[in-house]
Amino acid sequence: MSKVPMTVVGAERLRKELEILKFERRPKIALAIGEARELGDLKENAEYHAAREEQGLCEARVRDIEGKLSHAQIIDVTTMPNTGRVIFGTTVTILNIETDEEVTYRIVGEDEANVKENLLSVSSPIARGLVGKSIDDEISITTPGGTNDFEIIKVEYI
Numbered sequence: 072m073s074k075v076p077m078t079v080v081g082a083e084r085l086r087k088e089l090e091i092l093k094f095e096r097r098p099k100i101a102l103a104i105g106e107a108r109e110l111g112d113l114k115e116n117a118e119y120h121a122a123r124e125e126q127g128l129c130e131a132r133v134r135d136i137e138g139k140l141s142h143a144q145i146i147d148v149t150t151m152p153n154t155g156r157v158i159f160g161t162t163v164t165i166l167n168i169e170t171d172e173e174v175t176y177r178i179v180g181e182d183e184a185n186v187k188e189n190l191l192s193v194s195s196p197i198a199r200g201l202v203g204k205s206i207d208d209e210i211s212i213t214t215p216g217g218t219n220d221f222e223i224i225k226v227e228y229i
């Protein structure tokens with residue numbers, strides 16, 4: 072399997088979630104299963120079945136995170152010289168030429184993306200249109216909402 076780009080912050084978030092799942096949630100689930108077993112007949116024991124289902128979901132998420140971390144290529148743009156080019160991990164401010172609206176995005180891995188926090192997936196249409204471009208470049212980006220023209224006004228390696 073190929074490497075998946077991930078920022079330092081994204082990798083740290085996944086590691087924290089993994090730690091919580093392994094050392095907090097797993098023991099609580101095991102305790103709930105033990106308590107539910109003491110209630111008697113397991114075939115008709117709703118608490119037992121709910122705890123087992125929660126255990127399955129927890130273990131699936133643990134495997135998912137471990138897999139993502141094992142295939143992650145962690146990229147730290149703060150260690151790179153700022154060339155003014157948009158690359159994975161950079162924070163870029165763009166100006167919508169039609170509306171004069173300024174927006175700042177950080178280009179991150181797919182698992183880190185969150186539009187509400189202005190974290191764009193590297194595979195999103197806007198990020199694909201920005202990667203490789205430089206400050207003062209004017210670009211047209213086609214999104215599901217239509218085509219928009221932007222100017223890159225700031226690129227930060229933070």
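All the letters of the sequence shown, read from the start, carry residue numbers 72 to 229 under the working numbering.
Where a beta carbon is used, it is the ideal one built from N, C-alpha and C, also for glycine.
Nothing here was measured: the structure is a model prediction, and the numbers come from that model.
Looking only at C-alpha atoms, which of the options sits nearest to residue i?
i	options	result
I224	V157, G138, L85 and L92	V157
G155	R96, L89, V186 and I206	I206
Q126	K187, L102 and V75	L102
E183	K139, G216 and I91	K139
K93	E137, M77, T78 and G81	E137
P196	E95, K87 and T213	T213
A82	A143, I91, N185 and V186	A143
P76	S141, P215, L110 and E90	S141
Give me, in chain order, the residues of the same chain whose beta-carbon lies closer than 7 Å to that of residue i; leave out the 5 immediate sequence neighbours on both sides.
i	result
Y228	V148, T149, M151, N153 and T161
L232	Look at the range of the chain in this structure, 72 to 229, and you will see that residue 232 is not part of it.
A122	I100, A103, I104 and A107
V79	I145 and D147
Report the partner residues of residue i according to the DSSP bridge assignment.
i	result
N185	L190
S211	D220
R177	T162 and L190
R156	S205
Q144	P76
Go through its chain and collect everything with a Cβ distance to residue i's Cβ below 6 Å, but skip five positions before and after it.
i	result
D220	I168 and S211
D208	I223
L166	E173, E222 and I224
F159	P76, I146, I178 and V193
May I have the straight-line CA-CA distance separating residue i from residue j, to the nearest angstrom?
i	j	result
E173	C129	40 Å
A117	R134	26 Å
K74	G217	32 Å
A131	R97	12 Å
L89	V163	30 Å
E109	V186	46 Å
V226	K87	29 Å
R84	E124	25 Å
Got a sec? Which residues, its chain only, sit under 8 Å from residue i by beta carbon, not counting five neighbours each side?
i	result
A198	Y176, I178, L191 and S192
P215	P196
Should the region 144-152 be called in touch with the region 190-198, which here means at least 3 C-beta pairs below 8 Å?
-> Contact fails: fewer than three Cβ-Cβ distances are below 8 Å.
contact_flag[the region 170-186, the region 197-210] where n(CB pairs < 8 Å) is 3 or more = When Cβ pairs closer than 8 Å are counted between the two stretches, the region 170-186 is seen to touch the region 197-210, the count reaching three or more.
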